[in-house]
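Residue numbers (our numbering), protein chains in the order written: chain A, 720 to 1165; chain B, 720 to 1165; chain C, 720 to 1165; chain D, 720 to 1165.
The C-beta atom is built at its ideal place from N, Cα and C for all residues, glycine as well.
No experiment lies behind these values; they were computed from the predicted model shown.
Working notes, structure below.
Protein chains: 4
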Amino acid sequence: MIYADVINHPEQFDFTIPTLGRCALDSPVKGRDFVDDDEQIVFASQVKNILKLQQSGKPFPAFQKAGPRARIFHDPAWSHAAILTCGGLCPGLNNVIKGVVNVLWHDYGVKTIFGAKFGYQGLVARYGHSPLHLTPELVDEIHEEGGTILASSRGNQKPEEMVDTLERMNINLLFCIGGDGTLRGARDIAEEAARRNRAISVIGIPKTIDNDLSFIEKSFGFETSVHASFEIISSAHNEAEGAYNGIGIVKLMGRDSGFIAASATLANSVVDFCLVPEVEFTMAGERGLLAALERKLEKFHHAVIVAAEGAGQNLFNSAEVKKDASGNILKNDIGLFLKDEINAWAKKQGIEVAVKYLDPSYHIRSVAAISPDAIFCYLLAENAVHAAMAGKTNMVIGNWNNYFTHVPISLATRQRRKIDLDGAMWKGVLSATRQEDWFAGNPDRK
Amino acid sequence: MIYADVINHPEQFDFTIPTLGRCALDSPVKGRDFVDDDEQIVFASQVKNILKLQQSGKPFPAFQKAGPRARIFHDPAWSHAAILTCGGLCPGLNNVIKGVVNVLWHDYGVKTIFGAKFGYQGLVARYGHSPLHLTPELVDEIHEEGGTILASSRGNQKPEEMVDTLERMNINLLFCIGGDGTLRGARDIAEEAARRNRAISVIGIPKTIDNDLSFIEKSFGFETSVHASFEIISSAHNEAEGAYNGIGIVKLMGRDSGFIAASATLANSVVDFCLVPEVEFTMAGERGLLAALERKLEKFHHAVIVAAEGAGQNLFNSAEVKKDASGNILKNDIGLFLKDEINAWAKKQGIEVAVKYLDPSYHIRSVAAISPDAIFCYLLAENAVHAAMAGKTNMVIGNWNNYFTHVPISLATRQRRKIDLDGAMWKGVLSATRQEDWFAGNPDRK
Amino acid sequence: MIYADVINHPEQFDFTIPTLGRCALDSPVKGRDFVDDDEQIVFASQVKNILKLQQSGKPFPAFQKAGPRARIFHDPAWSHAAILTCGGLCPGLNNVIKGVVNVLWHDYGVKTIFGAKFGYQGLVARYGHSPLHLTPELVDEIHEEGGTILASSRGNQKPEEMVDTLERMNINLLFCIGGDGTLRGARDIAEEAARRNRAISVIGIPKTIDNDLSFIEKSFGFETSVHASFEIISSAHNEAEGAYNGIGIVKLMGRDSGFIAASATLANSVVDFCLVPEVEFTMAGERGLLAALERKLEKFHHAVIVAAEGAGQNLFNSAEVKKDASGNILKNDIGLFLKDEINAWAKKQGIEVAVKYLDPSYHIRSVAAISPDAIFCYLLAENAVHAAMAGKTNMVIGNWNNYFTHVPISLATRQRRKIDLDGAMWKGVLSATRQEDWFAGNPDRK
Amino acid sequence: MIYADVINHPEQFDFTIPTLGRCALDSPVKGRDFVDDDEQIVFASQVKNILKLQQSGKPFPAFQKAGPRARIFHDPAWSHAAILTCGGLCPGLNNVIKGVVNVLWHDYGVKTIFGAKFGYQGLVARYGHSPLHLTPELVDEIHEEGGTILASSRGNQKPEEMVDTLERMNINLLFCIGGDGTLRGARDIAEEAARRNRAISVIGIPKTIDNDLSFIEKSFGFETSVHASFEIISSAHNEAEGAYNGIGIVKLMGRDSGFIAASATLANSVVDFCLVPEVEFTMAGERGLLAALERKLEKFHHAVIVAAEGAGQNLFNSAEVKKDASGNILKNDIGLFLKDEINAWAKKQGIEVAVKYLDPSYHIRSVAAISPDAIFCYLLAENAVHAAMAGKTNMVIGNWNNYFTHVPISLATRQRRKIDLDGAMWKGVLSATRQEDWFAGNPDRK
């Protein structure tokens, strides 16, 4: 676990936030408690860890606290801002865009705000994507819609070309909303700008629907995607109960971590088996999924399985031999794999089953943000603008201990977060599903 | 068109409702306008057709009007009822069950009501499915949930075995909720009971999420499934707009008719191409989908395609030669087919596209009924009970000209309804999508 | 009942649709079955009524069928259209606007389409409301929102002033979306235009969230408002069950008719008492609401009451004496009245109750249209445009026997429709609530 | 601010958790990281505060960390548990009940679980409310519904009577879900049990829809209520935009703090004025609400006002003189007050306005929990059971720095939390609404 590493080796983790220079201007932000750069949020929440760190004599790991600074670096009157969205859709993108525009415009008086189209492509002249000119009027109702009004693209572009564009357009405030690839791209832009000695604040707003960034407790859009999964699980449950030995299978997002699958299972606790990348399982054998399923069906005659995209990837090598006609796409699709394997097994065993497979795919990332996410997005945006105006760069806005924080990009992208299998959430999943009992062949549930 | 046939050859259509015998008992239903058996709802709504029929001297096609009869056949005190649900899930099943139970219990005083489990299997002893004993308390809140509390199964069972069960359980009122296969099963039961001289009313409540039964203007659950499709289309639209040349593809139910796809397109009119079984199309060629799509992308850089399951089935024969490794399931899946073909074409043409495929599959049939369907289900159930108590049999409850009607099973299952391509709905789809213009290569839309 | 009058005195009802003149131009609408003016939809659906009418020798009541005409009156190239929305909000207003714009633009090529702001005020120069110029792009996503992009106002304006504006702006196609006041205003405009010999088609699209127009089976927005009421009733039910002798009261729209209250009760059948203007009731006495409520509480310890706005208005005279300090608004508010009366009664009787009053008020009319309404709105709009282009005027688009029809304004506004207390819907409400049993003091329900 | 007091006077705050005795039994919980009693979550998150506290030599404020203990106090085989819900409804009550039952049953093997009906009344014999016997089957789907299956009541009962009942029923684990009144009741029970030397663990699960408990960062149900408010605000916005000088007023819960109003404003940022108890305002005068509203209407011709229940209470004293006929209820109703005052003012000024007042009242607390709340509830329940089994008592489960914590009841009920007017959320509200600018008469927004 990376967090244990911070406690044990804090010297390996740099929490310092780069700045473009001295803040020489008074902030136009009114009536706020300003935050000083030396206000810090403690990384460790447990008293024993705090004591251990203090006794070690090593640097004490803590995040710079986000918020408005009394003095700022960029002159609002001369500032040009740009916003872009990269990678896959995520609920809340429009909320963040709206927030950035509103705070720049109203709190700081920055009125030249470009919306670069199609992610980093919008910063490369040869693509020919004209930027939008963003105003509070234009963004007034965009929070009611999913998607992103700026559109998106995948992949990074050459930092040199992008900084050329920033220079040509006189942009000194750049907000990049995206996942860790995007954030690395933002870092490259920040470094290229530094190389050219251009005072451009590059601020990332971390986006990962899978909620798997390190050093950031919650990423926007995640709760909405879990909520959108709730009703898909209800449908699978209705299908499972609607047939003799009905089996509803739901595949949810989560390539490397199963946060969505686990959270959705806990939210709509009618799930019998929750399969995540963090926990390997087998199909065959006494402790395999098929045996567990058989026990379940014998007692209840229906079952609901929720699988994260990345679950059971270990099964594909062994399956490859007998499934070679299935083609590449099918081979890694755990949902279709489960459906086919269960059907084949049931046929062989002479068990009547009715397998119903639901793959909401893009739906759960394309919906509008639910309220908790909407609020979170606005506050992320607000703090991103404060950081930018104060001349911070090469950083993202994070959230830690319910404070908004400044996190160096290098820290945020260092390693993906995984479900803590000994933590409360996963234990909640196990207590809600009882799946370990069914795998173990010992179903105590009447 | 089958409806034109009725006008021209009414003698070929028998609207007569079989009855078990003379209604010798006063109805316990209070304070209602009772309906006489000779009240009829005219089949033809257009004056010219009515005149034509009257002048022909042939039998005048009209439905017996549904509703409570002043005198009834079955003695409530001695009646035993059974309800079952067959085939795929459909929004509103629980609403119908609740309605049948409430009206039997409260309006007629029938208090022995069995819920047979797993469709017709529940009427076959060797399956061993115990029936539920249904009461108003038990069904009080089931209308809030999708699915069916009775569960379902596919396929019919031997009428002899089923009537054995009905005899053994003394059931004289049988309500079968299901599609045309189920209704044919109900007809077989009614005929077997007649053969044995058993006075069993067999009443069908027609269920087809595709809304494609003849002689029945609306089937329950259809509007809910359209409504559930609305937000999937919004997601596809967000995905399409969220990427350069983004293409959102949504597959919706509709094996033989495209009512759901067409209605959902009209409801959420952001769709660019609506593909239904009733209209053939080609992929290649100047008037093919790919050319139309290319024109659309050139102008707008995004497109949304909605395809009914049964659309484009003509394309698979020609495609078979080059797609033989894909297996049977893939071969007929128009959604995956479109996704693969469009990706292959774009790659070949060097066009950057981002294809996002959404298949809500079982989700749109597993949700709870929206209010218009909920009301419709209750009224269907109410009229089904009235018909049963009056000794009608071998019939279904239909809806025509906004009246509830009695429809002989033979009529209801005679032929599937298709979209009228010259009718208002399809023309609405064409005006909302402008797809014919894009197919024709003549996009007048700026 | 007005409908019985039509059967008995058809000569008193004029179904004739006025036209501006001869249709001299070929329709640009492509590939449609055109409808002839003499195609008619029969008013009577019951065979016995049809025969009676035919034997009477009186004029046969029937609606002109809506749809595109092969030949049209207005030259699209020279046509200027205007659309306006009047009166209270209703779900689907934006859908109708979108439909009118799309069909005018795409099907007929009319590209000058004004959106008059704030209802009829938008046709009166001195208000100074600039019209919107409507295009398919502008209206592309408005169907996703409730409300109306054109805004609205109450009350009519002088026809002379409005026709002045129409003349000055060269408008020959006017679409008025509103209730019966609005439609009477449209009639006045049509008559004033006729007086001036101006060929202006004035087409009404009838809007009444209460669904109480005569000669029109369904009005748009009604189903959505019922659906929005569903969850409010669920909340009232949760509140009622959540306390000892919990009583949830929901007030719903319906000044003169109780269609929303009755339909919502049938849709979410957890209601115990559904109070509508069509059925008088008393508070006190053996058969009064309080006694019925007491019986219900004794057995179940909770109850849900749904009241239409106009229910129980007979009660206010007697109550006036002891409630004179309450002011005018309170006096007629059946919701607050019930809450106060029940609380006072319970206090007097020494019964512990927990009354929770929910008044969703404007909420249920401000939401976006659900799919069935959305589709209905688009088709209403389509047929309104066809009627206008064919030179019809002084009429509204109706719906009868599932056909869209032309209805003279004088007919549509003749009398408000009420719930048929002997019809299926109200009987469904009685069977779902059992309220008559509780009023009667004879609760057979365990 | 109470939190500042903790930093400055930590000695005045006792974080100690009472226990019933030594934990002598091994926990049956499988495969978990057990938590030791001396694991603590730091109260202060800011490094400077931590240092200050450490240097003060005073007791270091920190919460005991929640979670399963390796050794437990109560013997599961002999344990009897009871759960009850008190006070007003709140989304998530059923989720907490389900969680407590599942974890007791499956993780610890406690199979005697009573659901006391109607809050503390259920612990007083003379009310005669029979308890439910709760099992995992019974609670399996209750999380899908709002309300509480145990029903509720307001007010406390005599601790002596309640402990009599607990003794008679041999209950050693008591879970009280409720607000601060309820928690004080729980404290009284714990103390009475201690007086009698009965080893009863009394664990509170704090419920406050207003999210205003101290020492607990988030209370369940709050996010759902904000989310349910979102669409009411959209309706108010549609109403406001739908009329000339349309004014939509929404009253939301929040007697003493405006968290719901502020959060809902930030979530659906179409609000123009957000009025909360924490900020006084006047109606009249250059900086009053009416003047601000007038400026807003002059520019935009519509406005949306969201008011927390407790906002503007200072206005009622002055209003009392001229409003004495309105009665007690009306006098303190800020929503009706605003509606009346604005209408009176507009009439006097000759300004045409259309005021629409929406009071969702009980609706937003009666809906089912959205997913983030559902998950939170399950984890609260899980940790409550762990605490109870380990013999903790007189405490509630809290949440701090994203850890679940043990909080003494005395601490949790010490003082209500208010919005921090210098914090990020309120500043977000100000930047989203610009209301201070409009109050100040200086609307810079074009």
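Check, Outcome
"Can you give me the start and stop residues for the alpha helix (DSSP H) that Gly-900/C sits inside?", "899-914"
"For Met-1114/C, which three-state DSSP category applies?", "strand"
"Could you tell me the distance, in whole angstroms, from the CA atom of Ala-1131/C to the CA atom of Gly-977/C?", "19 Å"
"Quick test of your reading: His-825/D and Arg-1153/A, contact by CB under 8 Å. State the CB separation rounded to the nearest angstrom.", "6 Å"
"Mapping DSSP to helix, strand and coil, what is Cys-1096/A?", "helix"
"Run through chain E and tell me which residues come within less than 8 Å of Gln-759/B, C-beta to C-beta.", "Protein chains A, B, C and D are contained in the structure displayed, whereas chain E is not."
"Ignoring anything shorter than 3 residues or poking outside the region 948-1002 of chain A, list the beta strand (DSSP E) runs there in chain order.", "965-971 and 992-994"
"Beta-carbon of Val-1086/C versus every beta-carbon of chain D: anything under 8 Å?", "yes"
"Of all the residues that make up the region 925-959 of chain A, which are near chain D by a beta-carbon distance shorter than 7 Å?", "Glu-936, Glu-942, Val-945, His-946 and Phe-949"
"What number of angstroms, rounded off, separates the C-alpha of Leu-985/C from the C-alpha of Ile-952/C?", "11 Å"
"If we cut at 8 Å on Cβ distances, does Gly-1046/D have a partner in chain A?", "Annotation note: pLDDT 36 at Gly-1046/D (below 50); position unreliable, coordinate value reported separately. Cβ-Cβ to chain A under 8 Å: no for Gly-1046/D."
"Helix, strand or coil, according to DSSP, for Gly-750/C in the structure here?", "coil"
"Determine the direct distance from the alpha carbon of Gly-897/A to that of Thr-831/A, and round the result to whole angstroms.", "22 Å"
"Classify Asn-964/A: buried if its beta carbon has 16 or more other beta carbons within 10 angstroms, exposed otherwise.", "buried"
"For the ligand HEM, any of its heavy atoms closer than 7 Å to the Cβ of Leu-902/A?", "With respect to small molecules bound, the structure shown includes none, and the ligand HEM cannot be examined in it."
"Using a Cβ cut-off of 7 Å, pull out every chain D residue sitting near Ala-743/A, in sequence order please.", "Within chain D, no residue comes near Ala-743/A; the closest Cβ sits about 23 Å away, beyond 7 Å."
"Whole beta strand (DSSP E) runs in the region 722-792 of chain B with 3 or more residues, listed along the chain?", "759-761 and 781-784"
"Do the region 1126-1140 of chain D and the region 731-739 of chain D touch if we need at least three Cβ pairs shorter than 8 Å?", "yes"
"Look at the Cβ atom of Thr-884/C, then the Cβ atom of Gly-838/C, and state whether they are nearer than 8 Å.", "no"
"Would you say Lys-1146/D reaches chain A, if we count a Cβ-Cβ gap shorter than 8 Å as a contact?", "yes"
"Rounded to a whole number of angstroms, what is the C-alpha to C-alpha distance between Pro-747/C and Ser-1080/B?", "39 Å"
"Touching or not, the region 799-818 of chain C and the region 907-914 of chain C, by the rule of three or more beta carbon pairs under 8 Å?", "no"
"DSSP has Phe-1123/B in a bridge; who is on the other side?", "Asn-1118/B"
"Which same chain residues, not among the five before or five after Phe-732/A, have their C-beta less than 7 Å away from its C-beta?", "Val-725, Pro-780 and Leu-1130"
"Return no unless some Cβ of chain B is closer than 8 Å to the Cβ of Ala-870/A.", "yes"
"Ala-913/A: which of Ser-764/A, Pro-878/A, Asp-1156/A and His-946/A sits nearest, CA to CA?", "Pro-878/A"
"Using the beta-carbon of each residue, which ones in chain D are nearer than 8 Å to Lys-746/C?", "First, the residue type needs correcting, since residue 746/C is Ser and not Lys in the sequence shown. What Ser-746/C touches in chain D: nothing, since even the nearest Cβ is about 35 Å away."
"Asp-752/A touches chain D at which residues, Cβ-Cβ below 8 Å?", "Asp-1141 and Gly-1142"
"Quick one: residues in its chain with C-beta nearer than 6 Å to the C-beta of Pro-795/C, no 5 flanking neighbours on either side, listed in chain order?", "Tyr-827, Gly-828 and Val-829"
"With DSSP as the reference, label Gly-923/B as helix, strand or coil.", "strand"
"Give the straight-line distance between the Cα atoms of Val-822/C and His-852/A, rounded to the nearest whole angstrom.", "32 Å"
"If contact is defined by three or more beta carbon pairs under 8 Å, each pair taking one atom from either stretch, is the region 931-940 of chain B in contact with the region 1077-1094 of chain B?", "yes"
"Across which residues does DSSP place Arg-1135/C in a beta bridge pair?", "Leu-932/C"
"In the DSSP assignment, find the unbroken alpha helix (DSSP H) run with Gly-818/A in it and report its ends.", "812-821"
"For Gly-1147/C and Tyr-1097/B, what's the separation of their Cα atoms in angstroms?", "7 Å"
"Taking all protein chains shown into account, do 16 or more other C-beta atoms lie within 10 angstroms of the C-beta of Asn-1047/A, making it buried, or fewer, making it exposed?", "Note that Asn-1047/A has pLDDT 34, beneath the 50 cutoff, so the model's placement of it is unreliable and no number is given."
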